[in-house]
Ligand SMILES: [Zn+2]
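Residue numbers (the working numbering): 13 to 391.
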């Protein structure tokens, strides 16, 4: 079984030009609370004000959905998290543990031995308070392997939910990320591993799937793939791969994720690139004549995902252009002109003219054709 953790309102909404208001975040949590997503990362808790906002978010989540709070290795943040946990037992504190040399030395301005002692101190402190603890090892994919294994040895002495091996800058490939999971899984078989990927090389989904194949039992994703820079792993893509390839079981259903995705897109007023897999407006559009003819004979000729699999009936459509199939052009023009005009001649005129005229729409072409007919021009 693969567990899904949603990162949309925390990591995802770090994307530029996305409305980050509390009201919008609440609407999104409300949508997610209607799905079978297992946990939702709801933010950080560094002040009483954060605590009150996070309480509002926890109120919306279902009791069987965990609310995950990203938490720094500071006692006061653990105390605030503990307060949230006392009201909402489904609260999980996800300890943020940067792990690469660059992050430890240049960001945290500390050194490994001191840092590891601090981690142990916080783990003991959290354990005494009987909190639910997850750990995210930030920048795992650029960390020194020995340092990573040292941290994992410390972590394995405590009761931890999931340990995330984060590809924070999206620098990994499926082979590299998969073998990291395999190695960690062989060395620390008792740890439950989670994948968290960024899309800087366009490999976030591929890396997440590779992590699943190599032992991850949780994946962290965002709706619409939103996130810093090139975004995070998109939930729609991962669910579609699991479903089409029958890889692993999940409680999620492609149709309902697609529906939720559209609702979140509306809430965020977010413009999706037309060719974005699964959710782009172009995914059922066929432009070339060969593809149009093929799909008219059998929709699966040029269509791997079917509209019905996303719960949208009859949405395959054929765009009209110079390279459209004759059958499609014939149907298109015939519907407009009926028997008034010789459609075969009109198609020939359209194909000929659009070769030499940029951005000629079929409507413009029809107008020109009718004008030519009236004037009896020859082309
Ligand atoms: Zn991230």
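Just so it is clear, CB atoms sit at the ideal spot from N, CA and C, and this is done for glycine as well.
Local conformation of residue i per DSSP, three classes
i, result
"residue 217", "helix"
"residue 118", "helix"
"residue 232", "strand"
"residue 354", "coil"
"residue 297", "strand"
"residue 200", "coil"
"residue 370", "coil"
"residue 206", "strand"
"residue 362", "helix"
"residue 175", "strand"
"residue 103", "strand"
"residue 45", "helix"
"residue 274", "helix"
"residue 347", "helix"
"residue 63", "helix"
"residue 324", "coil"
"residue 286", "coil"
"residue 183", "coil"
"residue 305", "helix"
"residue 291", "coil"
"residue 380", "helix"
"residue 123", "coil"
"residue 227", "coil"
"residue 159", "helix"
"residue 252", "helix"
"residue 281", "coil"
"residue 315", "coil"
"residue 190", "helix"
"residue 240", "coil"
"residue 35", "helix"
Of the listed residues the options, nearest to residue i (C-alpha basis)
i, options, result
"residue 268", "260, 255, 259 and 244", "255"
"residue 334", "367, 352 and 316", "367"
"residue 296", "346, 319 and 37", "319"
"residue 100", "217, 71 and 340", "71"
"residue 82", "113, 249, 176 and 219", "176"
"residue 21", "212, 207, 238 and 188", "238"
"residue 15", "261, 192 and 159", "261"
"residue 227", "213, 356, 259 and 246", "259"
"residue 27", "280, 249, 58 and 194", "280"
"residue 357", "283, 13 and 341", "341"
"residue 257", "383, 349 and 224", "224"
"residue 270", "283, 285 and 324", "324"
"residue 194", "380, 381, 229 and 124", "229"
"residue 292", "301, 263, 307 and 248", "248"
"residue 221", "240, 203, 241 and 246", "246"
"residue 382", "354, 364 and 142", "354"
"residue 301", "263, 30, 187 and 330", "330"
"residue 113", "57, 124 and 107", "124"
"residue 75", "46, 86 and 150", "46"
"residue 142", "211, 93, 158 and 351", "93"
Strand pairing of residue i, partner residues [DSSP]
i, result
"residue 56", "82"
"residue 109", "149"
"residue 91", "Per DSSP, none; premise fails for residue 91."
"residue 18", "52 and 233"
"residue 330", "298"
"residue 262", "14"
"residue 246", "234"
"residue 144", "104"
Rounded Cβ spacing between residue i and residue j (contact assumed at less than 8 Å)
i, j, result
"residue 38", "residue 69", "7 Å"
"residue 53", "residue 17", "6 Å"
"residue 165", "residue 111", "With a Cβ gap of about 13 Å, residue 165 and residue 111 do not count as contacting."
"residue 339", "residue 305", "7 Å"
"residue 244", "residue 79", "Actually they do not touch by this definition, with Cβ atoms about 19 Å apart."
"residue 172", "residue 145", "5 Å"
"residue 234", "residue 102", "Residue 234 to residue 102, Cβ: 21 Å. No contact."
"residue 232", "residue 207", "7 Å"
"residue 51", "residue 96", "At roughly 14 Å, the Cβ-Cβ gap does not stay under 8 Å, so residue 51 and residue 96 are not in contact."
"residue 205", "residue 174", "7 Å"
"residue 109", "residue 148", "7 Å"
"residue 298", "residue 307", "6 Å"
"residue 219", "residue 189", "4 Å"
"residue 89", "residue 57", "6 Å"
"residue 242", "residue 290", "Wrong, their Cβ atoms sit about 17 Å apart, outside the cutoff."
"residue 41", "residue 73", "6 Å"
"residue 48", "residue 321", "Not quite, the Cβ-Cβ distance comes to about 18 Å (not below 8 Å), so this is no contact."
Should the segment 274-290 be regarded as contacting the segment 59-68, the criterion being three or more beta carbon pairs within less than 8 Å? With the rule of 3 Cβ pairs closer than 8 Å, the segment 274-290 does not count as touching the segment 59-68.
Using a Cβ distance threshold of 8 Å, determine whether the segment 187-202 contacts the segment 120-138, with at least three qualifying pairs required. Contact between the segment 187-202 and the segment 120-138 is absent, with fewer than three C-beta pairs closer than 8 Å.
Quick check: the segment 177-186 against the segment 134-143, are there 3 or more CB pairs under 8 Å? no
Is the number of C-beta pairs between the segment 300-315 and the segment 343-357 that are closer than 8 Å three or more? Taking a cut-off of 8 Å on C-beta distances, the segment 300-315 does not touch the segment 343-357, as fewer than three cross pairs fall below it.
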